[in-house]
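4 protein chains.
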Amino acid sequence: MTTASAVRAALKGQQIETPSWAYGNSGTRFKVFAQQGVPRDPFEKIADAAQVHAFTGVAPTVSLHIPWDKVADYAALAKHAADLGVRIGAINANVFQDDDYMLGSVTNPDPRIRRKAVDHLLECVDVMDGTGSRDLKLWFSDGTNYPGQDDIRARQDRLAEALAEVYARLTGEQRLILEYKFFEPAFYTTDVPDWGTAYAHCLKLGERAKVVVDTGHHAPGTNIEFIVAFLLREGKLGAFDFNSRFYADDDLMVGAADPFQLFRIMHEVVRGGGLDPASEVAFMLDQCHNIEPKIPGQIRSVMNVQEATAKALLVDADALAAAQRAGDVLGANAVLMDAYNTDVRALLAELRDEAGLAPDPMAAYARSGYAERIKAERVGGTQAGWGA
Amino acid sequence: MTTASAVRAALKGQQIETPSWAYGNSGTRFKVFAQQGVPRDPFEKIADAAQVHAFTGVAPTVSLHIPWDKVADYAALAKHAADLGVRIGAINANVFQDDDYMLGSVTNPDPRIRRKAVDHLLECVDVMDGTGSRDLKLWFSDGTNYPGQDDIRARQDRLAEALAEVYARLTGEQRLILEYKFFEPAFYTTDVPDWGTAYAHCLKLGERAKVVVDTGHHAPGTNIEFIVAFLLREGKLGAFDFNSRFYADDDLMVGAADPFQLFRIMHEVVRGGGLDPASEVAFMLDQCHNIEPKIPGQIRSVMNVQEATAKALLVDADALAAAQRAGDVLGANAVLMDAYNTDVRALLAELRDEAGLAPDPMAAYARSGYAERIKAERVGGTQAGWGA
Amino acid sequence: MTTASAVRAALKGQQIETPSWAYGNSGTRFKVFAQQGVPRDPFEKIADAAQVHAFTGVAPTVSLHIPWDKVADYAALAKHAADLGVRIGAINANVFQDDDYMLGSVTNPDPRIRRKAVDHLLECVDVMDGTGSRDLKLWFSDGTNYPGQDDIRARQDRLAEALAEVYARLTGEQRLILEYKFFEPAFYTTDVPDWGTAYAHCLKLGERAKVVVDTGHHAPGTNIEFIVAFLLREGKLGAFDFNSRFYADDDLMVGAADPFQLFRIMHEVVRGGGLDPASEVAFMLDQCHNIEPKIPGQIRSVMNVQEATAKALLVDADALAAAQRAGDVLGANAVLMDAYNTDVRALLAELRDEAGLAPDPMAAYARSGYAERIKAERVGGTQAGWGA
Amino acid sequence: MTTASAVRAALKGQQIETPSWAYGNSGTRFKVFAQQGVPRDPFEKIADAAQVHAFTGVAPTVSLHIPWDKVADYAALAKHAADLGVRIGAINANVFQDDDYMLGSVTNPDPRIRRKAVDHLLECVDVMDGTGSRDLKLWFSDGTNYPGQDDIRARQDRLAEALAEVYARLTGEQRLILEYKFFEPAFYTTDVPDWGTAYAHCLKLGERAKVVVDTGHHAPGTNIEFIVAFLLREGKLGAFDFNSRFYADDDLMVGAADPFQLFRIMHEVVRGGGLDPASEVAFMLDQCHNIEPKIPGQIRSVMNVQEATAKALLVDADALAAAQRAGDVLGANAVLMDAYNTDVRALLAELRDEAGLAPDPMAAYARSGYAERIKAERVGGTQAGWGA
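Protein chains in written order, with full-length UniProt numbering: chain S, 1 to 388; chain W, 1 to 388; chain R, 1 to 388; chain C, 1 to 388.
Below, the structure written as structure tokens:
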């Protein structure tokens, strides 16, 4: 067992990044239900993200999505963030919303479109230079809808070529982190469909290329914590995109669908050293709130990650190892479940109190009047959204 | 085996309905890629549907979707259709795109919203009266995203009440056909998630209430032909919404993802008497074309259903029954596979030729110049789409 | 919220049935790993089941499986149980292990085999008469492995006929409870694959025919609590077969794979009145322990059901309903999660203490020396198992 | 398009290996239905495999499974095979049926058991030396059933160590081919659950370590042809284990559940050069016949692979590439479907005729009287089976 003080220190040091797009409107292909008070520009998104940090104390960074968060002056945006107590985190590229990308971006059969897509990725590295971001997060919607539509193998060649060019452009501590997704929006093949594909490409790129595990991007039944443990062992786990789902990729709040799974994932993170800052594993939320209010949705999500982390830290590692060595199936399971079944909410409330925060972030945010204020103030203009 | 002449007669008599929304723009939550020449109003959609019938000879009706296809004068729309050689088919209600429906329509906890939703359904019956449509097709996006969000059971009470009111409004030959869907856009519970739920409600409503099987709306691995056989045995199969998918509901062309499954479904249809017009089973397409051209996408889909039907009709029913009675597993399977492995394209080409149609509908449509004409003519105005 | 005293009363009154086959050897098709001390006959199985009751206080009945638990004198067996403080529960029929059943039992194309299968079911009712059991639990492995192998619809006719004959044989309070299963051992069609099929048959049979929900028998992603809520609303939920799984039907301890799901299920049970004895919902375990010791595996499973039930009882129903009525998505979810996140282990320990039991049943059983005793005593003879 | 003569040459040169265990009894955990005439020893299994080759002409090798096929004199077994016109193929290790392996073999926490398991693997290489086999096929049932049961990461360390020792023992052309499986018999974690894990280990082992794709061993919805294309591009596709399934790993005949998928897989094999003997891709069946007769089940399976291969060879590669380059989604799909929809049975019959074989292998085998002969002769002794 980690000592009580080590548990507390680890929880105090935890950092969970929220995504700028979580604060804008989102929905399904059937309908986007607009909410009042939604940000109209990246500055307002960062203001909302700063609220999540203000009430939780563990969400000091916010990911951007280019071009959704394109601004003329990134230094000004970074300063705006700093003024509000937060920083710019990862830069997310978007090569799926231009009409040119209907049949793919970096894997498109048309070299002109591939060039355009790669140029956008390189532009994102420029943004990183401007904002001081460490991570270029790449997710490709590329794939095909019908058997025969394109050559599966040739698309891998094109992908490898594009990644190599972008990786070569990185400098210093910058990283390329590559996300995989089982399917959607491509419905037959996806060019980076699983961790194995992302891993194989990252391996060839080099040390600063790592895999992003989005918890919602797997085939039914996939054991995600196995992948986490495996990538940590290989030194190739770059980041998490946290969210949860009952079916396909649903953007539900992390921990909402299967809190036990989130705990098991965090247990492997703890086991594999992923909480150690030296591991450079980034913990990000990547989820949108279609029907629930957006800032509270992020606050609750951050709290869910905290609770799972706290439980994972409470696992009695010595007792667990002893039971495992003895082949005591029920005993080893019981050690894990004992931690999971512990109610850690009081512990986290106490830590918040020590940090000068309200013990209940949800209630404190509700009391703050921020929600009413943005509803009143953010009138006119165009609400942020995916622009699909 | 059905005699050769009976096979030909059955194929000549087949009718496959295409949906008006297949001709408009559609996409995923990530992006809708607009296509040139897309209809701007219901009249243009019907013109496109008439093309599918003109080249295949077996698609004489087109489903409407209200309010997407709302017009001031339904008689004029029906006459327009008749002038182009087609008819109005089923009326599809839409209670998922008004802001009021964020937490549900007929199952919403708010009685005002439920009233509004039911009123829309009743209005759809008015449209049926105006167009002479037989079928009111109901699909509800209603459900919840989070455990606890609403009371699962109370929502069933509300659903039952709404359905009863609408069913009571039907007259003459009109039917209420109820569609189920595994998930999406609701991500935790869906109020009509499976055939059992739809069946139970239809049973209580009465004889003119039947179940719609949408081939894309099932849990992974579900044996759809079993459901088809079961519902036919119970006299409760109302209609098909055809499409196909490799993952979740993807709107791929029917038969594109698993042509053998489509064949097995049509085999159960033939076995259960579903091709007999007296069965009143409606065969509809319900699929959108996100990256492929829309009219050819419908033509190919209609042809896929025809090919599967032809193969199903070629199954040697006597040999199959004999092998089944004998417990000859491989022999019975071989009888089925023999029909499936037969290339029926020449037979269908011959039937088209006899009907005065070009033997290859795809090539004939391409030659017709219609695609170029609508691209040139349909400039300006607003392209039809889902309006999500 | 149920008052604290009502919560305690409900928990004290809970009854969870364990299955005789859980105490014998079991495994996968790859290997059955025999354990020491396993029972050699039904009397020894009941002795083991009595241990589970002795340490938990809530497992007073044990299901039998015929012919695995066939004895010459059922009155003697019942007396043996009574002497040990337990009773005989449901009778499970077995029509899947005779060579005759290779292509099906009650749905077999061969009428002789169907007759044999139905006769076995009727014999099981005789056993019920002899043991005083209320429930005949029917699970059919019947189905097909290959398309075309048999006629899906004809098999339903045969199934309906068999069920009707058996149902007619019941007397008094006896019930026929029908289990469904997604697949296995049949690999293409299963004759009762889902709740809808079981429900439709039970509806035709009559009031004393009800559906069994085995938590491991669903397609991936199926929302089981929806089914529970639906069947309770229809008065057709007969019983649970509890177990858990990460993939297909795996016989893991209930609550081991997804404790949150078990809680959601119990929440719907509480909501729908299923804990009320008048509802006649039976709570049974149906799981085998392949690698973990068998009696502790059952004790842990019983405790898992207790903990989920306790949490479900702690849900603040008034607050939940208020949030649901208000359309407060996060608020309603929070009410549910508050109960789930509560550590109920101390409460249950207290209740055990009040009942004169050790607060920790696992530790108490380990201390009891029973495991060592049966290892020493049960030497020679043939260990009980599935006999596959 | 491959020229007609090249298509014929490729089909004549195809080699499909059948597994010795397909000829013995097999079943599910519920029941093994014994069949008459089943082999009693490895010599009789090889005799049956020789029948499959005699009637299809493309199944000249047979895989062994150690210890199921353990004999005193492997040279004698190899000579027996040669006398019957076939050869010994891959050697399959079995480290899942000894009581010691309950909690794992090469990943077991107990070093003694790991040693025993590795020794068995080394012994299998001895058998390869004795039989002249090229391939050591490794499938590990290793994994865990419960969260916490063992350390996921430590098990990878142990696995890597075991593989390295075995790989070092190989000589000459010998290969280690590593199979992955989604789940079963382990129900929580599996130590080699997906192609990514197998690939990562093979990469570290070296050039003679390659991945085995078992078509039944994937999560629902997995795009297997993508994996095939990817591994071929990486030079890491070692072999196929062919079979098919509707649900989990079901051992149905390859091509029986989804013939279109098999075609798509063979299309990627053709595209990626996998039919070229220099690629060293082995095509093996790995399936058991639970309810269908075993030799005909293998013959039909071999024919199914042949038919899928023939269709894949008929794809007009130039037309396909042109449509792909042009972004013609429907056109490219149509090229593929044109080949799939072609009835290739006459072509294959013709090729058989040219090779001096009966055009219909199923009918010819049935006429041969072999089935009746082995039923009469193989009386007494113990039928081969899995011995679970």
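Even glycine gets a Cβ: it sits at the ideal position worked out from N, Cα and C.
Are any of the Cβ atoms in chain R nearer than 9 Å to that of residue i?
i: Y199(W); result: yes
i: S141(C); result: yes
i: R29(C); result: yes
i: E17(W); result: no
i: M96(C); result: Per the sequence shown, the amino acid found at residue 96(C) is Phe instead of Met. It does; some Cβ of chain R falls within 9 Å.
For residue i, which residues of its own chain have a beta-carbon under 8 Å away from its beta-carbon, when the five flanking residues on both sides are left out?
i: T342(C); result: K311 and L314
i: G206(C); result: Y167
i: G387(C); result: W68 and Q97
Report all residues from its chain with a CB closer than 6 Å to the CB of residue i; omit the five preceding and five following residues, and keep chain order.
i: E17(R); result: T61, S63, G89 and M284
i: N25(S); result: V32, A34, V38, Q383 and G385
i: S105(W); result: V95, A117 and D142
i: W139(R); result: E179
i: L121(C); result: A93 and V166
i: V281(C); result: L237 and G274
When the cut-off is 9 Å and only beta carbons count, does residue i lie next to chain S?
i: E307(W); result: no
i: F240(R); result: no
Please confirm if residue i has its CB atom under 9 Å from at least one CB of chain C.
i: G26(R); result: It is Ser, not Gly, that sits at residue 26(R) in the sequence shown. Closer than 9 Å: yes.
i: R245(R); result: yes
i: Y146(R); result: yes
Apart from the five residues just before and just after residue i, which ones in its own chain have a Cβ nearer than 7 Å to its Cβ?
i: I299(W); result: V52, F55, T56, P361, M362 and Y365
i: V233(W); result: Sequence check: residue 233(W) is Arg here, not Val. The answer, listed in chain order, is G272.
i: D100(R); result: I113 and K116
i: I152(R); result: T189
i: A332(R); result: L320, A323 and Q324
Compare the C-beta of residue i with all C-beta atoms of chain W and state if any pair is closer than 9 Å.
i: I291(C); result: yes
i: P42(C); result: no
i: D258(C); result: yes
i: M266(C); result: no
i: R208(R); result: no
i: F33(S); result: yes
Looking only at DSSP bridge pairs, what is residue i linked to?
i: I91(W); result: L64(W) and L136(W)
i: G27(W); result: V32(W)
i: E17(W); result: M284(W)
i: G143(W); result: T190(W)
i: D214(R); result: D241(R)
Taking only beta-carbon atoms, is residue i less than 9 Å away from chain D?
i: V106(C); result: Among the protein chains in the structure shown, which are S, W, R and C, there is no chain D.
Could you check how far apart the C-beta atoms of residue i and residue j are, in whole angstroms? I think they sit under 8 Å.
i: F246(W); j: G221(C); result: 7 Å
i: Q146(W); j: A256(S); result: The residue you asked about is not Gln; residue 146(W) is Tyr in the sequence shown. Yes, Y146(W) and A256(S) are in contact; Cβ-Cβ is about 6 Å, under 8 Å.
i: L170(C); j: V125(C); result: 7 Å
i: Q287(C); j: L252(C); result: 7 Å
i: M266(S); j: A308(S); result: 5 Å
In chain order, each alpha helix (DSSP H) run of at least 4 residues that lies wholly inside the segment 166-212 of chain S:
Runs of the alpha helix (DSSP H) inside the segment 166-212 of chain S: 195-205.
To test your reading of the DSSP string, which unbroken alpha helix (DSSP H) runs of 4 or more residues are found completely within the segment 224-294 of chain C?
Within the segment 224-294 of chain C, the complete alpha helix (DSSP H) runs of at least 4 residues fall at 224-234 and 259-271.
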